[in-house]
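Residue numbers (the working numbering), protein chains in the order written: chain L, 1 to 218; chain D, 1001 to 1259. Just so you know, even glycine gets a beta-carbon here, dropped at the ideal spot from N, CA and C. Computed from a predicted model, the values in this text were never measured in an experiment.
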């Protein structure tokens, strides 16, 4: 599936992750500074919305999820545990969690549509364009896509159904005609492989594990 | 590293992906606190997920959301975990005395019921079946899960027949549902199942339902009820005709409220 290419933008990525700034914003939120929520929102509204929208296939529901998430960060900023990774990945995980909760509340009909719209979404015109941010996003997205391409088809399928589709492991098993245990193994192996491809230390917390626990699949 | 930790490695990934089944989620929730290795796996998975989020078409929410969020933040106070119990603790409903306590229906509470259902193998989808059928099966399972997982207060009573669980009663403020997974299909033309509330006084008929197929199904047997916490036990009987008699004739399953 080709991704739409926007003109000839080739400037270097200008919006790299800025973990220290994110941590600073979280500190201000913990101190009760309401304007810091605005900043957090400004920094993450796009990726958060893109993710919620992908899972829910509904802009209004996706906005509801965003409001719920950012409001919950304001209410209880201590939910973010600094020892467990970056603000960015934590926030997106919260968005993912709430969006999956929301899609599970929705009728199953919508979920089927998400599946059908997957391919379309990749080619859809971007709702809002910011040239530099888009260039940065494309660089990152290309890395992720390349990394995803290294996975076996079955590993990729298991991870993307769970992550983008919001399906449970048992649902992924049923959808792919695979035993549940195999789905679990594929998700773990796929995650480790992706992490390795994306620049994490090989092996990580599980020294000795081989990156691919199952045969590549055509 | 212990070899038998592998299962938890897998659950940690599913946990981060919010993709675990309730029984796995309950098992992992018991294991997770204090496990550094699982904390690491969850953190790694979370980072990988964030990377996957970048592989999406960029889009921005409407401008209206910013002002809605600002208004919501302006009207919301923060919680302080380490401080004294927050003021809203007083608003938590106090359980009524001498009644079966009713609690929020948390995932963990239904885990036992769901584990039972899963153990029956109904959730196992035949391999190689058409995807359309699989999707339909999942939709049915989803319906059942939604019925179980609907937020709110509820009481749950798994009902046994000869030591085997055959149904679960889920009683809420506004309706009474029966999740049937082991009751025989009845002849709806001449018989009916009746749900009974069992307490200190005589059994009270709460509603009727039919079992139309051997597969797991959910039946709403009555709506608009109040006072469901009057019962510590529920029972199901099979009766001739279409109406509930004044007392059960043939009780086929009974069970205590567990939550």
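Quick one: measure Cβ to Cβ for residue 1238 (chain D) and residue 1159 (chain D), integer angstroms, because I've assumed they're closer than 8 Å. Start at 1 with the first residue of the second chain, and residue 1238 (chain D) comes out as number 238. Start at 1 with the first residue of the second chain, and residue 1159 (chain D) comes out as number 159. Not a contact, Cβ separation roughly 13 Å.
Is residue 1014 (chain D) close to chain L? Criterion is C-beta to C-beta, closer than 8 Å. Here residue 1014 (chain D) is taken as the residue at index 14 of the second chain, counted from 1. Yes, because at least one Cβ of chain L sits closer than 8 Å to the Cβ of residue 1014 (chain D).
Does the distance from the C-beta atom of residue 1054 (chain D) to that of residue 1016 (chain D) stay below 8 Å? Translated into the one-based positions of the second chain, residue 1054 (chain D) becomes position 54. Translated into the one-based positions of the second chain, residue 1016 (chain D) becomes position 16. No, the pair does not count as a contact, with Cβ atoms beyond the cut-off.
For residue 1247 (chain D), I'd like the list of residues in its chain whose CB is within less than 8 Å of its CB, leaving aside the five on either flank, ordered along the chain. Walking along the second chain from the start, residue 1247 (chain D) turns up at place 247. Answer for residue 1247 (chain D): 1202, 1203, listed in chain order.
Sub-8 Å separation of residue 1208 (chain D) and residue 1218 (chain D) beta-carbons: Counting from 1 along the second chain, the entry for residue 1208 (chain D) is found at position 208. Counting from 1 along the second chain, the entry for residue 1218 (chain D) is found at position 218. No, they are not a contact pair.
For residue 55 (chain L) and residue 158 (chain L), I'd like the C-alpha separation in whole angstroms. As a position in the first chain, residue 55 (chain L) is number 55, starting the count at 1. As a position in the first chain, residue 158 (chain L) is number 158, starting the count at 1. Going by the C-alpha atoms only, they are around 15 Å apart.
Rounded separation between residue 1210 (chain D) and residue 1182 (chain D) - CA only: If you number the second chain from 1, residue 1210 (chain D) lands on position 210. If you number the second chain from 1, residue 1182 (chain D) lands on position 182. Their backbone Cα atoms lie some 13 Å apart in a straight line.
Where the beta strand (DSSP E) through residue 1178 (chain D) begins and ends: Within the second chain, residue 1178 (chain D) is the residue found at index 178, counting from 1. Residue 1178 (chain D) -> beta strand (DSSP E) spans 1175 to 1180.
What would DSSP say about residue 1079 (chain D), mapped onto helix, strand or coil? The residue labelled residue 1079 (chain D) in the question sits at position 79 within the second chain. If DSSP states are grouped into helix, strand and coil, residue 1079 (chain D) belongs with coil.
How about residue 46 (chain L) and residue 1059 (chain D): are their beta carbons less than 8 Å apart? The residue labelled residue 46 (chain L) in the question sits at position 46 within the first chain. The residue labelled residue 1059 (chain D) in the question sits at position 59 within the second chain. In this structure, residue 1059 (chain D) lies closer than 8 Å to residue 46 (chain L) by Cβ.
For residue 1171 (chain D), go through chain L and note every residue whose CB falls closer than 7 Å to its CB, in chain order. One-based indexing of the second chain puts residue 1171 (chain D) at position 171. Simply none; closest approach about 21 Å.
Have a look at residue 195 (chain L) and residue 1041 (chain D) and give me their C-alpha separation to the nearest angstrom. Locating residue 195 (chain L) in the first chain gives position 195, where the first residue counts as 1. Locating residue 1041 (chain D) in the second chain gives position 41, where the first residue counts as 1. Approximately 11 Å, taken between the alpha carbons.
Could you tell me how far apart the beta carbons of residue 190 (chain L) and residue 151 (chain L) are, in whole angstroms, since I believe they sit closer than 8 Å? Taking the first residue of the first chain as position 1, residue 190 (chain L) is located at position 190. Taking the first residue of the first chain as position 1, residue 151 (chain L) is located at position 151. Rounded, the Cβ-Cβ distance is 5 Å, consistent with contact.
Would you say residue 169 (chain L) and residue 1021 (chain D) are within 8 Å of each other, going by their C-beta atoms? As a working mapping, residue 169 (chain L) is identified with position 169 in the first chain. As a working mapping, residue 1021 (chain D) is identified with position 21 in the second chain. Taking 8 Å as the Cβ cut-off, residue 169 (chain L) and residue 1021 (chain D) qualify as a contacting pair.
By a C-beta neighbour count over all protein chains shown, 10 Å radius and 16 as the cutoff for buried, is residue 1184 (chain D) buried or exposed? As a first step, residue 1184 (chain D) must be located in the second chain, where it is residue number 184. Exposed, since its Cβ has fewer than 16 Cβ neighbours within 10 Å.
Nearest chain D C-beta to residue 26 (chain L) closer than 8 Å, yes or no? Against the first chain, residue 26 (chain L) aligns to sequence position 26. Chain D contact via Cβ: absent.
So if I threshold CB-CB distances at 8 Å, which residues from the stretch 1016 to 1035 of chain D count as touching chain L? 1016, 1017, 1018, 1019, 1020, 1021, 1024
Return no unless some Cβ of chain D is closer than 8 Å to the Cβ of residue 168 (chain L). For the purposes of this step, residue 168 (chain L) is identified with residue 168 of the first chain, where counting begins at 1. Taking Cβ atoms only, chain D reaches closer than 8 Å to residue 168 (chain L), which makes this a yes.
Host alpha helix (DSSP H) of residue 1010 (chain D) (start-end): Reading the second chain from its first residue, position 10 is the one you call residue 1010 (chain D). Residue 1010 (chain D) -> alpha helix (DSSP H) spans 1006 to 1016.
CB residue 1051 (chain D) to CB residue 167 (chain L), shorter than 8 Å? Here residue 1051 (chain D) refers to the residue found at position 51 of the second chain. Here residue 167 (chain L) refers to the residue found at position 167 of the first chain. No, these two residues do not count as a Cβ contact at 8 Å.
If we define contact as Cβ-Cβ less than 8 Å, is residue 122 (chain L) a contact residue for chain D? Translated into the one-based positions of the first chain, residue 122 (chain L) becomes position 122. Legend: pLDDT at residue 122 (chain L) = 39, less than 50; position of this residue unreliable, value from coordinates given subsequently. Yes, contact with chain D.
Beta carbon of residue 47 (chain L): closer than 7 Å to some heavy atom of the ligand GDP? Absent from the structure shown: the ligand GDP. Ligands present: none.
By Cβ distance below 8 Å, which residues in the same chain neighbour residue 77 (chain L) in space, the five residues on each side in sequence not counted? Reading the first chain from its first residue, position 77 is the one you call residue 77 (chain L). Here the set comprises 26, 29, 30.
Please report the distance separating the alpha-carbon of residue 172 (chain L) from that of residue 162 (chain L). Residue numbering aside, residue 172 (chain L) sits at position 172 when the first chain is read from its first letter. Residue numbering aside, residue 162 (chain L) sits at position 162 when the first chain is read from its first letter. When rounded, the distance between both Cα atoms is 7 Å.
Starting from the beta carbon of residue 1177 (chain D), find every residue of chain L whose beta carbon is closer than 9 Å, and list them in chain order. In the second chain, the residue the question calls residue 1177 (chain D) occupies position 177. Residues of chain L passing the Cβ test: none, with the nearest at roughly 17 Å.
Using a Cβ-Cβ cut-off of 8 Å, state whether residue 1066 (chain D) counts as contacting chain L. Translated into the one-based positions of the second chain, residue 1066 (chain D) becomes position 66. Chain L, which has a Cβ nearer than 8 Å to the Cβ of residue 1066 (chain D), makes this yes.
Which one or two residues does DSSP pair with residue 1239 (chain D) in a beta bridge? Translated into positions along the second chain, residue 1239 (chain D) becomes position 239. Per DSSP, D:1192.
CA-CA distance, residue 1168 (chain D) and residue 1175 (chain D)? Indexing the second chain from 1 puts residue 1168 (chain D) at position 168. Indexing the second chain from 1 puts residue 1175 (chain D) at position 175. Their Cα atoms are separated by approximately 14 Å.
Test: residue 1057 (chain D) CB closer than 8 Å to a CB of chain L: The residue labelled residue 1057 (chain D) in the question sits at position 57 within the second chain. So yes, residue 1057 (chain D) belongs to the interface.
Unbroken beta strand (DSSP E) run spanning residue 1250 (chain D), endpoints: The sequence position of residue 1250 (chain D) within the second chain is 250, counting from 1. Segment 1250 to 1256, the beta strand (DSSP E) holding residue 1250 (chain D).
Interface residues of chain L around residue 1078 (chain D) at Cβ under 8 Å? Here the question's residue 1078 (chain D) lines up with position 78 in the second chain. Ordered by position in chain L, the residues that pass the 8 Å Cβ test against residue 1078 (chain D) are 32, 74, 75, 76, 77.
Mind checking whether residue 1195 (chain D) and residue 1179 (chain D) have CB atoms under 8 Å apart? Residue mapping note: residue 1195 (chain D) aligns to position 195 of the second chain, counting from 1. Residue mapping note: residue 1179 (chain D) aligns to position 179 of the second chain, counting from 1. No, these two residues do not count as a Cβ contact at 8 Å.
Give the residues from the stretch 51 to 72 of chain L that approach chain D closer than 8 Å (Cβ to any Cβ), ordered along the chain. 51, 53, 54, 59, 62, 63, 66, 67, 70, 71
Note down the Cα distance separating residue 1190 (chain D) from residue 1258 (chain D), rounded to an integer number of angstroms. As a first step, residue 1190 (chain D) is located in the second chain; it is residue number 190 there, counting from the start. As a first step, residue 1258 (chain D) is located in the second chain; it is residue number 258 there, counting from the start. Cα to Cα, the separation comes out at about 33 Å.
What number of angstroms, rounded off, separates the C-alpha of residue 99 (chain L) from the C-alpha of residue 74 (chain L)? As a position in the first chain, residue 99 (chain L) is number 99, starting the count at 1. As a position in the first chain, residue 74 (chain L) is number 74, starting the count at 1. Spanning the two alpha carbons is a distance of roughly 18 Å.
Who does residue 1233 (chain D) pair with in a DSSP beta bridge? Residue mapping note: residue 1233 (chain D) aligns to position 233 of the second chain, counting from 1. Answer is D:1198, D:1256, bridged to residue 1233 (chain D).
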